[in-house]
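Visitor: What follows is a structure written as structure tokens; I'll ask about it next.
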Amino acid sequence: MEGKGTRRYSNGNVYNGYWVNNKKHGNGTYTWISGGKYEGQYQNDMKHGHGSYTWPNGNKYSGDWKKDQRTGQGTFVWVDGSIYIGDFIAGERTGNGVETWASGQKYEGQYRNNQFHGSGTLTRADGTTRMGQWNNGQPC
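Per my numbering, the sequence shown starts with residue 10, numbered consecutively.
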């Protein structure tokens with residue numbers, strides 16, 4: 010397939026977008042029968058560039074993708090209203106970011122493998138703060 014087109018897969022999933030050499034390439038939308046949906050850029054049949062993925066439960070990521078993984082700058086919004094804005098590597102919050110929970114609690118600082126790791130400040134909903142170093146989600 011070349012150019013713009015739609016492919017309906019035997020499992021019920023649907024891709025509508027651009028193709029090069031029978032591979033998803035350029036802008037497109039892939040919808041899973043389970044309810045997940047990706048809208049964005051593809052390169053060589055993989056999510057690559059800028060795009061948004063919405064999970065069936067309503068959680069949503071918008072940002073950079075590299076070789077089918079959330080890598081680079083992005084925003085993750087949970088269905089409860091909690092939000093993370095920052096760095097991702099291989100689908101995980103790793104690097105610098107700010108996470109604000111629906112409860113009002115907020116963490117600003119470094120992450121590794123989806124956990125507070127390195128320098129950061131945790132501000133609880135009651136306004137109290139904990140500033141300092143973190144190791145795998147725990148204060149040092």
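In this text, a Cβ means the ideal position worked out from N, Cα and C, and glycines have one as well.
Indicate whether Tyr-39 and Tyr-18 have their beta-carbon atoms separated by less than 7 Å.
Guide: The answer is no: Cβ separation not under 7 Å.
Visitor: Which same chain residues, not among the five before or five after Asp-54, have their C-beta less than 8 Å away from its C-beta?
Guide: Same-chain partners within the cutoff: Lys-32, Lys-33, His-34.
Visitor: Is the beta carbon of Asn-123 closer than 7 Å to that of Arg-139?
Guide: In this structure, Asn-123 does not lie closer than 7 Å to Arg-139 by Cβ.
Visitor: Secondary structure at Asn-105, three-state DSSP: helix, strand or coil?
Guide: It is a strand residue.
Visitor: Measure the C-alpha to C-alpha separation of Gly-28 and Gly-45 and round it to an integer number of angstroms.
Guide: A small correction: the amino acid at residue 28 is Trp; Gly does not occupy that position in the sequence shown. For Trp-28 and Gly-45, the distance between alpha carbons rounds to 21 Å.
Visitor: Would you decide whether Gly-83 is buried or exposed? Buried here means 16 or more other CB atoms lie within 10 Å of its CB.
Guide: Buried: at least 16 other Cβ atoms inside 10 Å.
Visitor: Using alpha carbons as the reference points, say which of Gly-141, Ile-42, Gly-37 lies closest to Asn-20.
Guide: Cα-wise, what sits closest to Asn-20 is Ile-42.
Visitor: Would you mind giving the Cβ-Cβ distance between His-59 and Asp-77, rounded to the nearest angstrom? I have them listed as a contact below 8 Å.
Guide: That pair is no contact at about 14 Å.
Visitor: What's the C-alpha gap between Ser-112 and Ala-134?
Guide: If you take the alpha carbons of Ser-112 and Ala-134, they lie about 6 Å apart.
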